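Asks:
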Amino acid sequence: MKICIPYAVIFLCIISNNFVTSNVDHNFAECCKKAVSHSCAKHCKYYNSVIRYSWPFLKGDCDWDKERDLLRHCFMNQKDQTECCSALKVNEHPHCLEICNGTLKSFSHPIGQYLICRRYIKQATKCAKSSW
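Mapped onto mature numbering (1 follows the signal peptide of the UniProt record, and there is no 0), the consecutive letters of the sequence shown carry residue numbers -22 to -1, 1 to 110.
Dropping the structure here:
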């Protein structure tokens, strides 16, 4: 669990944002509810707080190992947004581009290597919104 927390914060920061249109929220929620477990599905919405989004994983409603990639797929609308992210300079650390790819089955690097990706949260969120 200790290893998952830093990675969870990175991924969850990506999803958190200050403003998301209701259409994007609705589409994300529909995708998410179809993909994750019943206990996790009640948390399928964009949150504006990392703490609020982290809670379902910490509480145990969502299984980090099984559901993190499903959430990323839905967040990126199951599309590869690496071109968008590259244009916004996320490619300075190439493995960070993986957070922008909703078609990947899973991440390819050890969890700790994604901590650097926190600096690209705004860019990834912008690309995620554009995917809808």
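Cβ coordinates follow ideal geometry from the N, Cα and C atoms, glycine included.
Note that the structure is a prediction, hence the values are computed from the model and not measured.
1) If you follow the alpha helix (DSSP H) that TRP42 is part of, which residue opens it and which one closes it?
2) Out of CYS40, GLN101, TRP42, LEU49, state which residue places its alpha-carbon closest to the alpha-carbon of TYR24.
3) For the alpha helix (DSSP H) containing CYS18, name the first residue and the last one.
4) So if DSSP puts ASP58 in a beta bridge, which residue, or which two residues, is it bridged to?
5) What is the DSSP secondary structure of LEU93, counted as helix, strand or coil?
6) Check LEU36 in the structure and name its three-state DSSP category.
7) How big is the Cα-Cα spacing for ASP3 and LEU93?
8) Give me the Cβ distance between PRO34 and CYS10, rounded to the nearest whole Å; I'm assuming they're in contact under 8 Å.
9) When we look at the beta-carbon of residue 193 and count the other beta-carbons within 10 Å, is it buried (16 or more) or exposed?
10) Could you give the C-beta distance for SER62 and CYS105, rounded to a whole number, given that I count them as a contact under 8 Å?
Replies: Let's see:
1) Translated into the one-based positions of the sequence shown, residue 42 becomes position 64. Counting along the chain, the alpha helix (DSSP H) containing TRP42 begins and ends at 42 to 53.
2) Working through the sequence shown from its first residue, we reach residue 24 at position 46. Distance check between TYR24 and each of CYS40, GLN101, TRP42, LEU49 places LEU49 closest, using alpha-carbon atoms only.
3) Residue 18 sits at position 40 when you count from the first residue of the sequence shown. Segment 16 to 19, the alpha helix (DSSP H) holding CYS18.
4) One-based indexing of the sequence shown puts residue 58 at position 80. Paired residue(s): ASN79.
5) As a first step, residue 93 is located in the sequence shown; it is residue number 115 there, counting from the start. The answer is helix: DSSP assigns LEU93 an H, G or I state.
6) Here residue 36 is taken as the residue at index 58 of the sequence shown, counted from 1. Residue state, collapsed to three classes: helix.
7) Within the sequence shown, residue 3 is the residue found at index 25, counting from 1. Within the sequence shown, residue 93 is the residue found at index 115, counting from 1. Near 26 Å, if we compare the C-alpha coordinates of LEU93 and ASP3.
8) Looking up residue 34 in the sequence shown gives position 56. Looking up residue 10 in the sequence shown gives position 32. Contact doesn't hold; Cβ gap of about 11 Å is too wide.
9) The structure shown does not extend to residue 193, since the chain spans only -22 to 110, so no value can be given for it.
10) Indexing the sequence shown from 1 puts residue 62 at position 84. Indexing the sequence shown from 1 puts residue 105 at position 127. What sits at residue 62 in the sequence shown is Cys, not Ser. About 4 Å separates the beta carbon of CYS62 from that of CYS105, a gap short enough to meet the 8 Å contact definition.
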